[in-house]
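Chains as they are written, first to last, in my numbering: chain B, 1 to 665; chain E, 666 to 1330.
Don't be surprised by glycine CBs; every beta carbon is placed ideally from N, CA and C.
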């Protein structure tokens, strides 16, 4: 059961498509303090708090304070309070179990036992918000109700479940060709090559650098003949440059965010001085969305939206003030004492993503001007919505790949997300895993992290262990930052190891795609914490490094360097499957309980639940190679059966019953 | 057996006190490339590389590249290559097992399977170095030989094994009194309060702010009557200020490092413009050491040496250049494009600890001028040596507490180290544990990390779990950074929990002090990886979160938030001891193998080996309260006995056989 409580003048975020009537009584579970603008609850010592989507720390969010404030945050460390998203949905699981969604576009704080281990306190920046309280039979049931409330999640094309290779630094067509060639030569399956900001003309959206890509449409076509799709990036901000049609048109039509005087607000991002399309203005959104046509017309079928928190490197007036102040310091002589030096460093350090700058520009929504910070968390959502709505208009019968960096609940209907600019840290393999169920709760199904790590230098073993998790995530992409060590798998020694691990992805594709589609269509979670399936098993409550995948599998990757295995807790009897560098499965039945399992560096281990089976293809070098009809079976138990979803992977006849079949052992 | 190989003109680091003759033949184990200035070895897939002292990452250092370059590095993250120390000792353990010590004062790189998983490569900055190759019966034997080679480790006074409370921000005498009062009122044992930079006059070494501490000597005396010792910080750099005697004298005598023209080199640290005592010049070192007398004379018995990498916030000429360049940018207009803005940020970001600045100043050693970067890693070592040698002259019969941030092998004879400016990360509990054996290998026995974390905001559960490890480390100190959440234990809810955990430290003191002393005197490791004791047990090879403490105990702290227990691997049958918030031990015998053990938030769990016992005191509110003679026993097995070391804890009759007794069950 879902009840809505409404306070103040609520901005229509459209996170929830349906209009529920608001309750008049007191909110259950949470003490409301309108003056303090907070919701509070005393937690039981054993209560677990799930949710908050893309975030740092555990599956159980207890013991930290989180801020819903979309941030360009490349340091995914324990002391951060925000990443790129605002996913305001939690489930408190314990003596009382309930879900809570705060539909609110501004900055929101979740103190989940940080200040006081036993207190959950949610604080808003102003008192205009809708709160949805959800009750159900179980955590899973509450999540399903919530997912039904917020609407069907974005569905990616089937080919987008292939292996993708990316790097900030594939600058020319030849760079891309080399990546493709090396994969094909090495027998490493590949379906996508991503283009980062390098492909544009001076970082201008909806342009292609003609020197680097002389005939882009032809290049896209030729690659597609090899079953490779090019996936370009689109940045949120538009370069200020007279004669650049996107800029000229946006200015002419008044589609950019404005400052307090109504003049276009200028911040600097990759292209230098830039403007921000008013994504909250429907007309501007439609206009921006239509611009994707420039690339669609050249054969592009997928995009990633970036920098849409929005990221601001500096606001022009602030930079001017800072440079002025530094000049003053210089005139005052160079002996900066400690406070002066520290102030100097802070001045420079606070140029980027300065909270005050987000109060300097305005949106225009239905004729009203709204200061950006009040609706900050809707920006990335509406940029991706701009694209998603445009694709519906422009190519209504075809799925387009779309995922974003910034997001908010609501955006899940228009695209997936990647988990942002992580690093080549072992700890980030585990963080990748921990975010999966939290994101699924919030409607984000097409997701994954940058395999091998985006920032910092990687190592071969890190990349290999990461793939052993990444092959299970819908979005599977190796991506890295310019200046870091190269990490395409063909650059390492054990090509055979990588080939088999990535090859396994393609064998698992019929199952993985089927599970993804069912999770979307049936409002289920593709990845679940063990405790969701075993609420009575106290041991499951604290397992933070294993997940259920569908109803069939449990995954438990190795995420420690130099490890030769790991502990797993089995809440029930399962069959362990170890896929080795010889391309074969070793099987072993393990009883309920604790086990230490050996996992060689190039092994992939996962666990099959009793009474279940999964279908397996023969693999392939690209998704088009994979035969989704002639399947083999991995099963555990005599009477196992499986509901197999399969469709053409491109069109949108999702609900056709013919897409579902029952497979038996 | 130890063999020395000598190359080039070796600077006398005095890391090794004895003069070994150099071998003439080829070095075993490592391929020497004099041109490339490197030592290389192909590793077996199962080889483990131990050592490198204070560092990031695992007990097994394999899979990363480390740089011996003492750095003021507050981000102890996976992608760092250096922390504060240069600990150039490793042991390769595998088919061939050997130790390697590179006696070298400059910057040295250990590529331990980073570039290529199977290659160990050590590269020097110039080809003037001694290499010691050590062979032995076991890793433990190799370490013992190495420890004997580098000389007996520093010995701390017994009272320094008490609980210490610190924070950057105890500014006045009243702040200190409050800390003491709150501990005593709450029944939380306490022996030391640390003073960070706030106690000085404008950050000037060897001064006390008379407004904040009106009668310092009297204050020190009164605290000592309450069995509390004040431990002030000493910074490496000396403020430039005419009329400040330390500055005036240093200038007059020419004891500061000089620039290429022979003028004193000026860098900025806490006091603003500052000079660096030439710690490598014996006269200057003696002079600096004698300055500690200012505080010794006021009753101080312990110090911590900080900022001695040395840390440089900026060099005056570089700051001047940077300000100039920024002024030019301002004149050029404010539209910094991406490369220009990024250059601007780099300019500011590279002011601190700029490698080029370390090439701008010189030491004077035996009449020769030596550029600092050639001997960089000796600076902190010789600052602490300055103090240690002075204490021998000034108070020869009394132990003085001394530990440092920067260090190098050799310094272990003069002081301990703390593990530097960590953060309130759960990951840093584990990092604290992992560094212990590596530090013990390199001679650092009096060590520990900032409990609760120095930087970032902590949580109650983090502090509590961290204490459950910290009570076992010789240096036990809760320390935090100005501006972070307060973390004295009395600020949290569960005072009873903290009281029992810290109380347990005092019960364990007879054992812990005995183990520390024996480790120092017998060149043993107080903390060892499990694999050192069980080289044939393949499972032990990868255990990175449990340690042996002495021959009796195994520790295995919980380092994950919201965990209710953890896995342990027992290489042999042991007795699990769980000390609870009721102040009692629960006992359970566990068989060899894997176990999941429940550990409540306020529980301390450790394991006693069969055939062993440990002595236990009745505890106390301070070390002086603890009765080291009337002991109870925790034992496992009938014939258990224990060699108990005890002395007066202050004087230096370490080798008196009367200090050792055998205890029996």
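Hey, does residue 1156/E have any beta-carbon neighbour from chain B nearer than 8 Å?
Judged by the 8 Å Cβ criterion, residue 1156/E is not in contact with chain B.
Which two residues bound the contiguous alpha helix (DSSP H) that contains residue 1049/E?
Following the DSSP letters along the chain, one finds residue 1049/E inside the alpha helix (DSSP H) bounded by residues 1044-1059.
Run of the alpha helix (DSSP H) containing residue 952/E, from where it starts to where it stops
DSSP places residue 952/E inside the alpha helix (DSSP H), whose first and last residues are 947-956.
With distance defined between alpha-carbon atoms, name the residue in 1227/E, 728/E, 701/E, 883/E nearest to residue 793/E.
Nearest in C-alpha terms to residue 793/E, of all of 1227/E, 728/E, 701/E, 883/E, is 701/E.
Own chain partners of residue 1034/E with C-beta closer than 6 Å, once the 5 adjacent residues on each side are dropped:
So the list reads 1027, once near-sequence residues are dropped.
Any C-beta of chain B sitting closer than 8 Å to the C-beta of residue 991/E?
Using beta-carbon distances, residue 991/E counts as an interface residue toward chain B, with a partner under 8 Å.
Thinking C-beta only, is residue 133/B closer than 8 Å to residue 165/B?
No. Outside cutoff.
Pair every Cβ in the stretch 516-525 of chain B with every Cβ in the stretch 630-650 of chain B, then say whether three or more of these pairs are closer than 8 Å.
The stretch 516-525 of chain B is in contact with the stretch 630-650 of chain B.
Taking the runs of the beta strand (DSSP E) that are 3 residues or longer, which of them lie wholly in the stretch 750-783 of chain E?
The qualifying runs are 754-758, 763-768, 773-777.
List the residues that DSSP assigns as beta-bridge partners of residue 304/B.
For residue 304/B, which the question treats as bridged, DSSP gives the partners 233/B, 403/B.
So, are the CB atoms of residue 717/E and residue 1072/E less than 8 Å apart?
For residue 717/E and residue 1072/E, no; Cβs fall outside 8 Å.
Helix, strand or coil, according to DSSP, for residue 67/B in the structure here?
Here residue 67/B carries a strand assignment [DSSP, helix/strand/coil].
Starting from the N-terminal side, write out each stretch of the alpha helix (DSSP H) that is 4 residues or longer and does not extend beyond the stretch 414-494 of chain B.
Runs of alpha helix (DSSP H) with 4 or more residues, each lying fully within the stretch 414-494 of chain B, are found at 427-441, 460-470, listed in chain order.
contact_flag[the stretch 298-309 of chain B, the stretch 385-404 of chain B] where n(CB pairs < 8 Å) is 3 or more:
Cβ pair count under 8 Å is three or more, so yes.
For residue 561/B, would you say it is in contact with chain E, using Cβ-to-Cβ distances shorter than 8 Å as the test?
So yes, residue 561/B belongs to the interface.
Let's test the definition: count the other Cβ atoms within 10 Å of the Cβ of residue 822/E and tell me whether it reaches 16, buried, or not, exposed.
Buried is the call here.
When the Cα atoms are used, what is the spatial distance from residue 56/B to residue 1120/E?
Going from the Cα of residue 56/B to the Cα of residue 1120/E covers about 18 Å.
Output the distance between the C-alpha atoms of residue 352/B and residue 72/B, rounded to the nearest integer angstrom.
Separation of residue 352/B and residue 72/B (C-alpha to C-alpha, rounded to the nearest whole angstrom) is 9 Å.
Considering only residues of the stretch 892-944 of chain E, which uninterrupted alpha helix (DSSP H) runs meet the minimum length of 4 residues and lie entirely inside it, listed in chain order?
If only uninterrupted alpha helix (DSSP H) runs of at least 4 residues are considered, those enclosed by the stretch 892-944 of chain E are 910-918.
Considering only DSSP beta bridges, list what residue 1272/E is partnered with.
Beta-bridge analysis with DSSP links residue 1272/E to 1219/E, 1241/E.
For the beta strand (DSSP E) holding residue 32/B, just list the boundary residues, first then last.
DSSP places residue 32/B in the uninterrupted beta strand (DSSP E) bounded by 31-33.
Flag residue 427/B as yes if its beta-carbon sits less than 8 Å from any beta-carbon of chain E, otherwise no.
Residue 427/B belongs to the set of residues whose beta carbon lies under 8 Å from a beta carbon in chain E.
Give the DSSP-derived three-state secondary structure of residue 408/B in the structure shown.
Residue 408/B falls in the strand class under three-state DSSP.
State buried or exposed for residue 376/B, treating a residue as buried only when at least 16 other CB atoms are found within 10 Å of its CB.
With 16 or more Cβ atoms within 10 Å of its Cβ, residue 376/B is classed as buried.
Following the continuous alpha helix (DSSP H) through residue 804/E, name the residue where it begins and the one where it ends.
That run of the alpha helix (DSSP H) goes 804-815.
Please list the partners that residue 348/B has in chain E, where partner means a Cβ-to-Cβ separation under 7 Å.
For residue 348/B, the neighbours in chain E by C-beta distance under 7 Å run, in chain order, 1010, 1013.
Secondary structure of residue 182/B, DSSP reduced to three states:
In this structure, residue 182/B counts as helix in the three-state DSSP scheme.
Name the DSSP beta bridge partners of residue 120/B, please?
Answer is 41/B, 112/B.
Of all Cβ atoms in chain E, is any one closer than 8 Å to the Cβ of residue 423/B?
Contact with chain E is found for residue 423/B, since one of that chain's Cβ atoms lies less than 8 Å from the residue's Cβ.
Please confirm whether residue 1117/E and residue 1138/E have their CB atoms less than 8 Å apart.
Residue 1138/E is positioned such that its CB atom lies no closer than 8 Å to that of residue 1117/E.
I believe residue 1236/E touches residue 1195/E by the beta-carbon criterion, under 8 Å. Please report the beta-carbon distance rounded to the nearest angstrom.
The pair is a contact, with the Cβ atoms about 6 Å apart (cut-off 8 Å).
Cβ of residue 207/B less than 8 Å from any chain E Cβ?
Answer no: the Cβ-Cβ gap between residue 207/B and chain E never drops below 8 Å.
So which of 1162/E, 1296/E, 1127/E has the shortest CA-CA distance to residue 1172/E?
Comparing Cα positions, the closest option is 1296/E.
Could you tell me the boundaries of the beta strand (DSSP E) in which residue 716/E lies?
Its beta strand (DSSP E) spans residues 713-716.
Kindly indicate which residue of 1298/E, 1302/E, 806/E, 986/E has the alpha-carbon position closest to the one of residue 667/E.
When each option's Cα is compared against that of residue 667/E, the closest is 806/E.
Hey, residue 723/E and residue 562/B are a contact pair by Cβ (cut 8 Å); roughly how many whole angstroms apart?
Contact flag correct, Cβ pair sits at about 6 Å.
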